[in-house]
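Each remark here refers to the structure printed beneath this line.
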Amino acid sequence: MQVVIVREDKRNVRRKVSEDEDDGTESEEERLRDQREREELEQHLRERDTARTRKLTEPKMSKKEQEEFVRRDSAVDKGDIESLRKFSWQEYMKKRKQKKVLELKDDIEDEPYLFGDEKLTEREIREFRYKREIYELIKKSTQEEDNVGEYRMPDAYDQQGSVDQEKRFAVSVQRYRDMGSAEKMNPFAEQEAWEDHQIENAALKFGAKNKEVSDNYEFVFEDQIDFIKASVLAGDNYEDEMHAKPSQDSAGKSAFHMLQEDRKALPIYTYRDQLLNAVKDHQVLIIVGETGSGKTTQIPQYLHEAGYTKLGKVGCTQPRRVAAMSVAARVAQEMGGKLGHEVGYSIRFEDCTSEKTILKYMTDGMLLRELLGEPDLGSYSVIIVDEAHERTLRTDILFGLVKDIARARPDLKLLISSATMDAEKFSDFFDQAPIFRFPGRRYPVDICFTTAPEADYMDAAITTVLTIHVKEPLGDVLVFLPGQEEIEAVEENLKHKIRGLGTKIRELIICPIYANLPSELQAKIFEPTPEGARKVVLATNIAETSLTIDGIKYVVDPGFSKMKSYNPRTGMESLLVTPISKASATQRTGRAGRTSPGKCYRLYTAFNYYNDLEDNTVPEIQRTNLASVVLSLKSLGIHNLLNFDFMDPPPSEALIKSLELLFALGALNQLGELTKAGRRMAEFPLDPMLSKMIVVSDKYKCSDEIISIAAMLSIGPSIFYRPKDKQVHADNAMKNFHVGNVGDHIAFLKIYNSWKETNYSTQWCYENYIQVRSMKRARDIRDQLEGLLERVEIDVSSNANELDSIRKSIVAGFFPHTAKLQKNGSYRTVKHPQTVHIHPASGLSQVLPRWVVYHQLVLTSKEYMRQVTELKPEWLIEIAPHYYQLKDVEDATSKKMPKTSGRAVV
DNA sequence: GCAGATTGA
């Protein structure tokens, strides 16, 4: 059996190495360290084994493998949707399982020999793990199943006698010449190549690609990172692209004709008729296509050409405003009409449609709003849910609703469009709807993993960027980092390192990008890179989906992002740095191949990738506060929420919590039915607590002030601009608004009014370290709320001097969010007791009022209440007698509390 | 003595 030979061989290699190193002079300290490391490794491998054994008993094919298979299958007879549909999953599953089982069995049997009595050095351990990873990778990427068992060992180079250096060298070079099939079958040749490569890298030669710059300089980075090319994110239609370029002699034609030719060059054009047939035959269709295939712009036009628009509008939803606008503009151009006539878009604050509009692009939230007024979507003949794979909160809700509508309205066509992952899941959800796949247009991207785990991803990212800069041909680099802080740190460090290298390297332009960055600085990333220079974009998640940067050739992916999670029990939100999912790793990788073939450097090992990363990101609906979702579903007439058809149901605890909250706010009655107040609250596109605050403000005659506060609160913390070097100034500027310790809500009101008094001056914002963009948004929201007040018959009334009535309105919305001071200076929430603190950024963080109402709880380094305002405990009984009893409030006035720490409300 | 990723209505 060949496996046996392999074992023998490996053992030889290992013995030799350990003899060399074991020279008997090892210190006690080293011995202990070695032992500890070995124990750690053993522990790790044991855990892995149990995980494997589990897999062995219930073998499961990952989504990725399924996709792989389908892609391969469709390559055989491209575009033939019939053959795709006929294909048998059972048979394929069976085959895969058998194979998987064999592989795993092999591995597990293979492992124990490692832990005999022999001592393993760190180097050996790493080597073994490395080999194992490669082996697994290669098995995975093997195309022909038959070949799996027959890989061949390379000649050993460390046997007695002469070593054939020439042959050895040939192997290492071959890797770069082509990834031939023999090479792929041979994991240890790869290893050799890697070692050679590593030695070569130890002295980093500079300018090898460019004779003119290449002097005799040698740069050595102290901690070079080793990468290994593991796989390729295949490009689709890469060849086609080359030929499909519009012809040069089109000068004589009109712009309109050229647009029509461009349309025909899109990959989707080939499948036009098949697609239309499929739409005709099926009510629901899942469409899977890579980005750049033209599905968003073309499909609605095809449907229009096929006459669907005669029966009703074609609606296409997008998760983002910008996308809806720009796509609509493009399609209007292609159809030769004006935007807003036949083709229009509808987003918050902007409705660019008319009665003539037949193709309507909109944000998904907008369609949800429309559903409130038109529950059967009667004016639409087709609904397209685009970018479904992003699984935003609103697309998830739409799925459930739209599925229901489709059952009631057989004439409504439903298209769900998504990138590759999860297609089967969508299909299952929509009653086994057929899947229509077609290729996109993307260049291939090489994927490289590190050979060993990196302890500090930021440091690793910096080194990688510098290595790319010095060694790789020109092309821009995109680095994904979790947040603003990390971006700033990396930027500084990179600048410092570049200064150290002086003029011997090419110019490196560093561009940070994150959502909170002022927009004039954001624009920098889109400026073309000067000749001979290289641009490095340091980005958060924003570059993963929201914006695309052309010209990116290299992607550096440390594998982390920040993710919000919500604990329904405590009502606490937290933002944590978490490992990304495989799906988003693929998404990040794809960013390198938009305009030319590229490379992606992942700062984690292949082993981490396959074993530690989740397949898909947890959908938003499972990690967020559902109160406003529940309210809008209730107002759509969906009563039994626990049975609502969610694709991934949120935790029922979260649902129940939301129902309880809405009941406490008076939006629902004991039967769970929407009350009149609830109906009014649902009109506002806000969190129910904020809506309640507005509805109540009618009673206290201060709706004018309250909507300003609500608008500011819904913008959140991005109002303030606090650059690192000017933190003191920024904090001082804030103090003006907190005069008299009025509380954060009133401070927001003061900020808004001051800005309004300066006639919405940009200058004023700069002076006070406030973000203009956020303020403009607040103004838009405020305007919208003002318009809605009329609809729910609330008069705009102002009562600026009665701060207590404003406070009472706030309490009326946020009474479940109250806390009282403890002896030690911390706070305790009243209803579901837990210890919390006032956020240091709050104006009241030094004042410590006895009772406070807070806007939200966040968990960072401590449990913090963000945005707090003082209240009188009597108000709770007055405003929410159903929620608070006298005993809840009595404690406050008890003698235990030192009188000095409380402060009377003005 | 903080430290906010990203959308959307």
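Here this note's numbering is used: the first residue of the first sequence is 691, the next is one more, and so on. For every residue, glycine included, the Cβ atom is placed at its ideal position computed from N, Cα and C.
For this session: Could you name the residues of the same chain whose beta carbon sits closer than 7 Å to that of LEU1164, not counting the 5 residues immediately before and after it, in chain order?
Result: As a first step, residue 1164 must be located in the first sequence, where it is residue number 474. In chain order, ARG1224 place their CB closer than 7 Å to the CB of LEU1164, counting only its own chain and leaving out the 5 sequence neighbours on each side.
Exercise. Measuring CB to CB, does LEU1361 end up less than 7 Å from SER1404?
Worked result: By 1-based counting over the first sequence, the position of residue 1361 is 671. By 1-based counting over the first sequence, the position of residue 1404 is 714. A distance of 7 Å or more separates the beta carbons of LEU1361 and SER1404.
Exercise. In its own chain, which residues sit with a C-beta less than 7 Å from the C-beta of ALA996, not counting the 5 before and 5 after it?
Worked result: Start at 1 with the first residue of the first sequence, and residue 996 comes out as number 306. Around ALA996: LEU966.
Exercise. So ASN1315 packs on TYR1256, CB below 8 Å; how close in whole Å?
Worked result: For this step, residue 1315 is matched to residue 625 along the first sequence. For this step, residue 1256 is matched to residue 566 along the first sequence. Correct: roughly 5 Å between the Cβ atoms.
For this session: Determine the direct distance from the alpha carbon of LYS1115 to that of LEU975, and round the result to whole angstroms.
Result: Translated into positions along the first sequence, residue 975 becomes position 285. Translated into positions along the first sequence, residue 1115 becomes position 425. Each residue's alpha carbon lies about 13 Å from the other.
For this session: Output the residue ranges of the beta strand (DSSP E) runs that lie fully inside the stretch 960-994 and measure 3 residues or longer, sorted by chain position.
Result: For the stretch 960-994, whole beta strand (DSSP E) runs of length 3 or above, ordered along the chain, are 974-979.
For this session: Quick one: grab the DSSP three-state call for CYS1455.
Result: In the first sequence, the residue the question calls residue 1455 occupies position 765. In this structure, CYS1455 counts as helix in the three-state DSSP scheme.
For this session: Sort out for me which residues DSSP pairs HIS1529 with in a bridge.
Result: Looking up residue 1529 in the first sequence gives position 839. Answer by DSSP bridge pairing: none, since HIS1529 is not bridged.
For this session: Take GLN973 as the anchor and find which of ASP916, SER1274, THR1007 and LYS1093 has the nearest alpha-carbon.
Result: Counting from 1 along the first sequence, the entry for residue 973 is found at position 283. For the residues ASP916, SER1274, THR1007 and LYS1093, the minimum Cα distance to GLN973 belongs to LYS1093.
For this session: Please report how far the alpha carbon of PRO1563 lies from the alpha carbon of GLY1005, in whole angstroms.
Result: Sequence index remark: in the first sequence, residue 1563 carries index 873 (1-based). Sequence index remark: in the first sequence, residue 1005 carries index 315 (1-based). Their backbone Cα atoms lie some 51 Å apart in a straight line.
For this session: Evaluate contact between the stretch 1294-1301 and the stretch 1551-1561, counting only Cβ atoms and requiring at least three cross-stretch pairs below 8 Å.
Result: Output reads no: the stretch 1551-1561 does not touch the stretch 1294-1301.
For this session: Could you say if the stretch 1401-1421 and the stretch 1513-1523 meet the contact criterion of at least three C-beta pairs nearer than 8 Å?
Result: No, because fewer than three Cβ pairs between the stretch 1401-1421 and the stretch 1513-1523 fall closer than 8 Å, the two stretches do not touch.
Problem set entry | Start and end residues, beta strand (DSSP E) containing LYS1252 | On the first sequence, residue 1252 is found 562 positions in, with the first residue counted as 1. Per DSSP, LYS1252 belongs to the beta strand (DSSP E) from 1250-1257.
For this session: Would you grab the beta carbon distance between PHE1205 and ILE1232 for me? Rounded to a whole angstrom, and I think it's under 8 Å.
Result: The count along the first sequence starts at 1 and reaches residue 1205 at position 515. The count along the first sequence starts at 1 and reaches residue 1232 at position 542. The displayed chain sequence assigns Ala, not Phe, to residue 1205. Rounded to whole angstroms, the Cβ separation of ALA1205 and ILE1232 is 6 Å, and the two are in contact under 8 Å.
For this session: Could you check if PHE1216 is buried or exposed, using at least 16 other CB atoms within 10 Å of its CB as the buried criterion?
Result: Here residue 1216 refers to the residue found at position 526 when the first sequence is read from its first residue. Around the C-beta of PHE1216, fewer than 16 other C-beta atoms lie within 10 Å, and the residue is accordingly described as exposed.
Exercise. Can the beta-carbon of VAL1135 be found less than 7 Å from the beta-carbon of GLY1249?
Worked result: Sequence index remark: in the first sequence, residue 1135 carries index 445 (1-based). Sequence index remark: in the first sequence, residue 1249 carries index 559 (1-based). Cβ atoms of VAL1135 and GLY1249: not closer than 7 Å.
Problem set entry | Cβ pair count under 8 Å reaching 3, the stretch 1054-1069 against the stretch 1325-1342 | The stretch 1054-1069 is in contact with the stretch 1325-1342.
Exercise. What is the DSSP secondary structure of PHE1126, counted as helix, strand or coil?
Worked result: For the purposes of this step, residue 1126 is taken as the residue at position 436 of the first sequence. The answer is strand: DSSP assigns PHE1126 an E or B state.
Exercise. When DSSP labels each residue in this structure, what does THR1238 get in the three-state scheme?
Worked result: By one-based count along the first sequence, residue 1238 stands at place 548. It is coil, neither helix nor strand.
Exercise. How big is the Cα-Cα spacing for TYR1544 and TRP1454?
Worked result: For this step, residue 1544 is matched to residue 854 along the first sequence. For this step, residue 1454 is matched to residue 764 along the first sequence. The alpha-carbon atoms of TYR1544 and TRP1454 are separated by roughly 28 Å.
Problem set entry | Own chain residues within Cβ distance below 7 Å of GLU1176, not counting five before or after | Locating residue 1176 in the first sequence gives position 486, where the first residue counts as 1. Same-chain partners within the cutoff: MET1148.
For this session: Starting from the C-beta of ALA1468, find all residues in its chain whose C-beta is less than 7 Å away, skip the five residues before and the five after it, and write them out in chain order.
Result: Mapped onto the first sequence, residue 1468 falls at position 778. Cβ within range, chain order: ALA1401, MET1402, ILE1405 and TYR1442.
For this session: Determine, using beta carbons only, whether SER1117 and ALA1078 come nearer to each other than 7 Å.
Result: Sequence index remark: in the first sequence, residue 1117 carries index 427 (1-based). Sequence index remark: in the first sequence, residue 1078 carries index 388 (1-based). With a cutoff of 7 Å on beta-carbon distance, SER1117 and ALA1078 are scored as not near each other.
Problem set entry | Residue closest to MET1015, alpha-carbon to alpha-carbon, out of GLN1417, GLY984 and VAL1033 | On the first sequence, residue 1015 is found 325 positions in, with the first residue counted as 1. When each option's Cα is compared against that of MET1015, the closest is VAL1033.
Exercise. Heavy atom of the ligand SAM less than 6 Å from the Cβ of ASP1121, yes or no?
Worked result: Questions concerning the ligand SAM fall outside what the structure shown contains, since it holds no ligand whatsoever.
Exercise. Run through DSSP, which three-state label would GLU1060 get?
Worked result: Residue numbering aside, residue 1060 sits at position 370 when the first sequence is read from its first letter. Helix, per DSSP.
Problem set entry | Environment of SER1044 [buried if 16+ CB atoms lie within 10 Å] | As a position in the first sequence, residue 1044 is number 354, starting the count at 1. When all chains shown are included, SER1044 counts as exposed.
Problem set entry | beta strand (DSSP E) segment containing GLY1068, residue limits | Numbered from 1 along the first sequence, position 378 holds the residue referred to as residue 1068. Per DSSP, GLY1068 belongs to no beta strand (DSSP E) and is neither H nor E.
Exercise. What does a CB cutoff of less than 7 Å around GLU1181 pick up in its chain, not counting 5 residues either side in sequence?
Worked result: What you label residue 1181 is simply residue 491 of the first sequence in a count that begins at 1. Excluding sequence neighbours, GLU1181 sits near ILE1200, PRO1202 and LEU1228.
Exercise. What do you reckon, are the CB atoms on MET1383 and ILE1500 nearer than 7 Å?
Worked result: Here residue 1383 corresponds to residue number 693 of the first sequence, with the count starting at 1. Here residue 1500 corresponds to residue number 810 of the first sequence, with the count starting at 1. Yes.
Exercise. Skipping 5 residues on each side, what residues in its chain have a beta carbon closer than 6 Å to that of ILE1311?
Worked result: As a first step, residue 1311 must be located in the first sequence, where it is residue number 621. Excluding sequence neighbours, ILE1311 sits near LEU1083, ASP1086 and PRO1340.
Problem set entry | Identified DSSP bridge partners for ASP1136 | Start at 1 with the first residue of the first sequence, and residue 1136 comes out as number 446. In the DSSP output, where bridge partners are listed per residue, ASP1136 has VAL922 and LYS1289.
Problem set entry | Secondary structure, alpha helix (DSSP H): runs of 4+ residues fully inside the stretch 1323-1393 | Taking 4 residues as the shortest admissible run, the stretch 1323-1393 contains the following complete alpha helix (DSSP H) segments, listed from N- to C-terminal end: 1342-1354, 1366-1373 and 1378-1390.
Exercise. Can you tell me the Cα-Cα spacing of GLU718 and ALA1145, whole angstroms?
Worked result: The sequence position of residue 718 within the first sequence is 28, counting from 1. The sequence position of residue 1145 within the first sequence is 455, counting from 1. If I take the Cα positions, the gap works out to 26 Å.
Exercise. What three-state label does DSSP hand SER1318 in the structure shown?
Worked result: For the purposes of this step, residue 1318 is taken as residue 628 along the first sequence, with counting starting at 1. If DSSP states are grouped into helix, strand and coil, SER1318 belongs with the helices.
Problem set entry | Which of helix, strand or coil DSSP assigns to GLN1008 | What you label residue 1008 is simply residue 318 of the first sequence in a count that begins at 1. If DSSP states are grouped into helix, strand and coil, GLN1008 belongs with the strands.
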